[in-house]
Every structure is written in C-alpha cells, then in structure tokens.
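Each residue of the sequence shown is one higher than the last, beginning at 970 in our numbering.
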Amino acid sequence: MNGSAAARPTRIRHIVLGLTIAAYMITYMDRVNISSALPVIQKELGFSLVTLGWILGAFRWGYALFQIPGGWLGDRIGPRRALTLIVMWWSIFTSATALAWSAGSMAACRFLFGVGEAGAFPIATRSLSRWMLPTERGFAQGVTHAGSRLGAAITPPLVVWMMTAYGWRVPFVAFGLLGIVWAAAWYWYYRDTPAEHRSVNAAERQLIENSVGGARSATTRSVPWRQILRSSNLWTLCAMYFCYAYCISVYLDWFPKYLNAHRGFDYQRMSYFTGLTLLAGTVGDVLGGWTSDHWAKRSRNLKMARRGVATAGFLLAGAAIVPATFTTSPMASVWYTCVAVFALETTVGVSWAIPLDIGGDYAGSVSALMNTCGNIGGAISPILLGYLVESFGWNVPFVVSAVLCVAAAVLFGGIDATKKIFTERAAETS
970 MNGSAAARPT RIRHIVLGLT IAAYMITYMD RVNISSALPV IQKELGFSLV
1020 TLGWILGAFR WGYALFQIPG GWLGDRIGPR RALTLIVMWW SIFTSATALA
1070 WSAGSMAACR FLFGVGEAGA FPIATRSLSR WMLPTERGFA QGVTHAGSRL
1120 GAAITPPLVV WMMTAYGWRV PFVAFGLLGI VWAAAWYWYY RDTPAEHRSV
1170 NAAERQLIEN SVGGARSATT RSVPWRQILR SSNLWTLCAM YFCYAYCISV
1220 YLDWFPKYLN AHRGFDYQRM SYFTGLTLLA GTVGDVLGGW TSDHWAKRSR
1270 NLKMARRGVA TAGFLLAGAA IVPATFTTSP MASVWYTCVA VFALETTVGV
1320 SWAIPLDIGG DYAGSVSALM NTCGNIGGAI SPILLGYLVE SFGWNVPFVV
1370 SAVLCVAAAV LFGGIDATKK IFTERAAETS
C-alpha cells in the first residue's frame, strides 16, 4: 500500500494552477473596479465621456506597451520573482488611484497600474508552461481566464457596496492590499520548475518532464526574437487577438456606464447585471478551454480542436451583439449580452493555449507579443467609444464590435496550433 501511494503522482501542479487562478481574479478585480465607479467619479470630478475614455485608455496603453518587457522579464528571471515584483507594483498603483484629484493624476495612476499588469498574463503563461501537461493546457488557460472573469463579475457589487458605505476611493485601497497578500503567498509557495519544489514527488516530476520535454532551467539565456517575428502563424494570432481585445474592452470598461446612462438601470441593478454578463463569460472561459482539450484528445487533431471552438465562439458572439444593441427592452439587451460575452469568452482559453502549443519554452515572450497586439485594440477601444457615443450614440460602438467578431472568426481559420515557431534545440542554441 505504501508503495502504491509513493508511485501515485502528487498534484502540486494543480495547487500552482489554483494560485494562478487567484492572480487572474485579482488582475480583473483591480482592472474593472474603476468601471463600476465611473458614474460616481464622473459626477464628483466633472469628467466628460471623452475624458473618461482617455483615463480608461491610459491603463490600456500602459498595459499594451509593456507586454513584451513583462514577458521578457518572466523569461529572464523566472516567474516566481517576476510575478512577485509586478503584482507588488500594480497593487501599489491600484491603491494610489484613490489619491487622484484630477484627470491627469488619475490617468497617470492608471497608466502605471497598466505597466505593472502588463506582465501578468505572459508571465503566468510562462509559469504554467513548466508545470501543466499539454493535454491540460486548454483547460488551464480556460479556467485561469474564467478566474479573471469571475473576479470581474463579483467586483461591481463589491465596489457599489463600498462606495455607498465609504466613498469611491476605498475600493481601490482594499483591492491593492489584496494583491500584496497574494504576492507574498506566491513567493512563498511557487517554484519555477517542479524539480525545485519539495512537495512534488518523483512520479509527478517524471510525468511533467516526460510530457513537456524534460527538466529545464528556471531562466533562459536569450529570446529568439528573429524566429518569433518571422512566424506568419503568430501574426495571424496577433491580429485575431486585436479584434478580441477591442470587443471585450467595450464590456469591461463601459458596460456599467451603458446600463446606467442608456438603459436606465440604477447603480444597484447596474452592478448586478454587469456581474451577470461577466459570470456568463466565466462559464464560457471554462467551457471553451475544456471543449478544445477534449476535442483534441478524442480526435488527435489539435489544429481543428483549437480552430473549431474559437471560430464558433466568435460567430455566435457577433450574432448576439446585434439584437443586444437594437432591442428596445433593457432586460432583453442584458440577456443577449450574456450570450455574446459567453460566446466571446469561449475563445480565450483556446487563444492562450496556442502560445503554449507553438512557443514552447518561450511561451512568455510569444504570448506577450500576442497580448501586445491585442491590447493595442483594447487601448483604442475605450478612447474611440467615448467619441463614437458623443457623435453617434451608444449603438455604433457595439455594431463595430459585432463586425470585429466576424473578422476574428475569419482570422482564426488561418491559425495552426500544430505549427511550432521553432524546435527546442534551435531555441536553446539561439
């Protein structure tokens, strides 16, 4: 019996995954708290819609511009130290948002907050590349992004409650402190490779090493950017993610304001229905990643398993956005939006699994490039929406999102998850 227990692999990789899910939750709690506070901030500080768009865009530009430096940091010093550093950084500037007194000061805090959060997903992807089995990657990416959307879903009611009791500044301080606690827990528990973790037994270590290609060092000597940038497969992935990030930013940054200003919901119902749509997205994240992995296992066709799930998700999202926009019923708009966000989020786990599929040991840098291009779309989105709403009303921004969903579906048809950027041997010698 003891021999059997010793031969059974431990599941430390799943605890690592749990910590990563918690990190993703915190990234989105810190990211969307401002969207729920926008109506109160606008009223107190007198900002126009265009000014609010630039404040929201400041975070997105910091986030987009520092994706590659963030991914590089994870590849160079290892995810344990890198994630600890950047979570501490962005938590400080999350809390510092509470000190803002003007549009400029708030935009500066949000930009620096974005600089810190920029490395979160690339470095977390890098951290999982050494731990998760290839057959667990789609699910792992789906469930981590589900964690982010769950964090986003529970945040609006929490922010409204804190604002009602203590004012709009308190949520920023509280969420910043939560990030600092997580950073301490990550540094204490996580190790850059399974071989470094005392609680990983020989069976689990061998299972992981056999699946991901053997034991590897915690850091890399250099990133093979020349080979990465020559990959047309990766550039198609980047263009697709530009479309996705533009669309999801509309809902993360502006949907509470839309429900309040255009659909007539009060703050309480605004927060509830915003959370409901993001909960639908949470289900989509888990289901999309799981379905892709299950399809790949059964069919042994990874390319179609990734492509099929994501293409269907984008097409359904685009189809649902149209009635959500043009219905005269506020509640029907909410329900259609739940379908749209659910479908849009089924694509996320698949999208983030592909850097692991094609990037190998440089998944951090590969995913950073994808997320950079994506978040250029995410940075344009809130700024452009402010101008579009002032000039044409609330319908036009959502029509643009529906068109981009269709474009993303077409682009995903050209992405091949089996087409690796380079062999591991070539990467090691570069």
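The C-beta atom is built at its ideal place from N, Cα and C for all residues, glycine as well.
Simplified DSSP assignment, three categories, for Met-1101: Here residue 1101 corresponds to residue number 132 of the sequence shown, with the count starting at 1. Three-state DSSP puts Met-1101 in coil, outside helix and strand.
His-1263: first and last residue of the uninterrupted alpha helix (DSSP H) it sits in: For this step, residue 1263 is matched to residue 294 along the sequence shown. Residues 1236-1268.
Three-state class that DSSP yields for Asp-1385 in the structure shown: For the purposes of this step, residue 1385 is identified with residue 416 of the sequence shown, where counting begins at 1. If DSSP states are grouped into helix, strand and coil, Asp-1385 belongs with coil.
Residues near Pro-978 by beta carbon distance below 6 Å, same chain, minus five either side: Locating residue 978 in the sequence shown gives position 9, where the first residue counts as 1. Here the set comprises Ala-1172, Glu-1173 and Leu-1176.
Alpha carbon of Val-1379 to alpha carbon of Met-1132, nearest angstrom: For the purposes of this step, residue 1379 is taken as the residue at position 410 of the sequence shown. For the purposes of this step, residue 1132 is taken as the residue at position 163 of the sequence shown. Those two C-alpha atoms are separated by around 43 Å.
Buried or exposed by the 16-neighbour rule on C-beta atoms within 10 Å, applied to Trp-1155: To locate residue 1155, count along the sequence shown from 1; it is residue 186. Looking at its Cβ environment, which holds 16 or more other Cβ atoms inside 10 Å, Trp-1155 is buried.
Buried or exposed by the 16-neighbour rule on C-beta atoms within 10 Å, applied to Asn-1340: By one-based count along the sequence shown, residue 1340 stands at place 371. Label assigned to Asn-1340: buried.
Check whether Pro-1324 and Ser-1004 have beta carbons under 9 Å apart: Start at 1 with the first residue of the sequence shown, and residue 1324 comes out as number 355. Start at 1 with the first residue of the sequence shown, and residue 1004 comes out as number 35. No, the pair does not count as a contact, with Cβ atoms beyond the cut-off.
Between the CA atoms of Leu-1146 and Phe-1028 - distance to the nearest angstrom: By one-based count along the sequence shown, residue 1028 stands at place 59. By one-based count along the sequence shown, residue 1146 stands at place 177. Taking the straight line from one Cα to the other gives about 19 Å.
Anticipated Cβ contact below 8 Å, Ala-937 with Cys-1078, distance rounded: The structure shown does not extend to residue 937, since the chain spans only 970 to 1399, so no value can be given for it.
Exposure of Phe-1035, with buried meaning 16 or more beta-carbon neighbours within 10 Å: The count along the sequence shown starts at 1 and reaches residue 1035 at position 66. By the 10 Å Cβ count, Phe-1035 comes out buried.
Which of helix, strand or coil DSSP assigns to His-1166: Here residue 1166 is taken as the residue at index 197 of the sequence shown, counted from 1. Coil.
Whole-angstrom distance between Met-1057 and Ile-1197, CA atom to CA atom: In the sequence shown, counting from the first residue as 1, residue 1197 sits at position 228. In the sequence shown, counting from the first residue as 1, residue 1057 sits at position 88. The straight-line gap from Cα to Cα measures roughly 30 Å.
Contact check, Ser-1302 vs Pro-1126, beta carbons under 9 Å: Locating residue 1302 in the sequence shown gives position 333, counting from the first residue. Locating residue 1126 in the sequence shown gives position 157, counting from the first residue. It is not a contact, given that the beta carbons lie outside the stated cut-off.
Cβ-based burial, Thr-1104 [other Cβ within 10 Å; buried from 16]: Sequence index remark: in the sequence shown, residue 1104 carries index 135 (1-based). Thr-1104 comes out exposed.
Secondary structure of His-983, DSSP reduced to three states: Position 14 of the sequence shown, counted from the first residue, corresponds to residue 983. Helix, per DSSP.
Meets three-Cβ-pair contact criterion under 8 Å: the segment 1106-1119 and the segment 1300-1318: yes
Rounded C-alpha distance that separates Pro-1366 from Ala-1143: Here residue 1366 is taken as the residue at index 397 of the sequence shown, counted from 1. Here residue 1143 is taken as the residue at index 174 of the sequence shown, counted from 1. Pro-1366 and Ala-1143: Cα-Cα distance of roughly 32 Å.
Residue range of the alpha helix (DSSP H) that includes Tyr-1213: For the purposes of this step, residue 1213 is identified with residue 244 of the sequence shown, where counting begins at 1. Tyr-1213 -> alpha helix (DSSP H) spans 1201-1218.
Touching by the beta-carbon criterion (3+ pairs, under 8 Å), the segment 996-1010 and the segment 1283-1303: no
Spatial neighbours of Thr-1306 in its chain, beta-carbon cut-off 7 Å, leaving aside the 5 residues before and after: Counting from 1 along the sequence shown, the entry for residue 1306 is found at position 337. Counting only Cβ-Cβ distances below 7 Å, and skipping sequence neighbours, we find Thr-1246 and Ala-1293.
Nearest candidate by alpha-carbon position, reference Val-1335, set Met-994, Pro-1193 and Val-1219: Here residue 1335 refers to the residue found at position 366 of the sequence shown. When only C-alpha atoms are compared, the closest one is Pro-1193.
For Trp-1223, three-class secondary structure by DSSP: Locating residue 1223 in the sequence shown gives position 254, where the first residue counts as 1. Trp-1223: helix per DSSP, three-state reduction.
Three-state secondary structure assigned by DSSP to Ala-1153: Here residue 1153 is taken as the residue at index 184 of the sequence shown, counted from 1. Here Ala-1153 sits in helix by DSSP.
Unbroken alpha helix (DSSP H) run spanning Leu-1068, endpoints: Mapped onto the sequence shown, residue 1068 falls at position 99. Here Leu-1068 belongs to no alpha helix (DSSP H), and DSSP marks it neither H nor E.
For Gly-1233, the three-state DSSP class (helix, strand or coil): Taking the sequence shown and counting its residues from 1, the one referred to as residue 1233 is at position 264. The answer is coil: DSSP assigns Gly-1233 none of H, G, I, E or B.
Where Phe-952 falls: helix, strand or coil (DSSP): Outside the modelled stretch of the chain, which goes from 970 to 1399, sits residue 952, for which no answer is possible.
CA-to-CA distance, Ala-1249 to Gly-1328, given in whole angstroms: For the purposes of this step, residue 1328 is taken as the residue at position 359 of the sequence shown. For the purposes of this step, residue 1249 is taken as the residue at position 280 of the sequence shown. For Gly-1328 and Ala-1249, the distance between alpha carbons rounds to 30 Å.
Contact check, Phe-1283 vs Ala-1322, beta carbons under 9 Å: Within the sequence shown, numbered from 1, the residue matching residue 1283 stands at position 314. Within the sequence shown, numbered from 1, the residue matching residue 1322 stands at position 353. Against a cut-off of 9 Å, the Cβ pair of Ala-1322 and Phe-1283 comes out as no contact.
Proximity of Tyr-1210 and Cys-1374 at Cβ, strictly below 9 Å: To locate residue 1210, count along the sequence shown from 1; it is residue 241. To locate residue 1374, count along the sequence shown from 1; it is residue 405. No, Cβ-Cβ distance for Tyr-1210 and Cys-1374 is not below 9 Å.
Nonlocal neighbours in the same chain, by C-beta distance under 8 Å from Phe-1016, ignoring five residues either side: Residue mapping note: residue 1016 aligns to position 47 of the sequence shown, counting from 1. Correct list, in chain order: Ile-1010, Ile-1024 and Ala-1072.
Supposed close pair Thr-996, Ala-1089 - CB separation, criterion 8 Å: Here the question's residue 996 lines up with position 27 in the sequence shown. Here the question's residue 1089 lines up with position 120 in the sequence shown. So it is a contact: roughly 5 Å between Cβ atoms.
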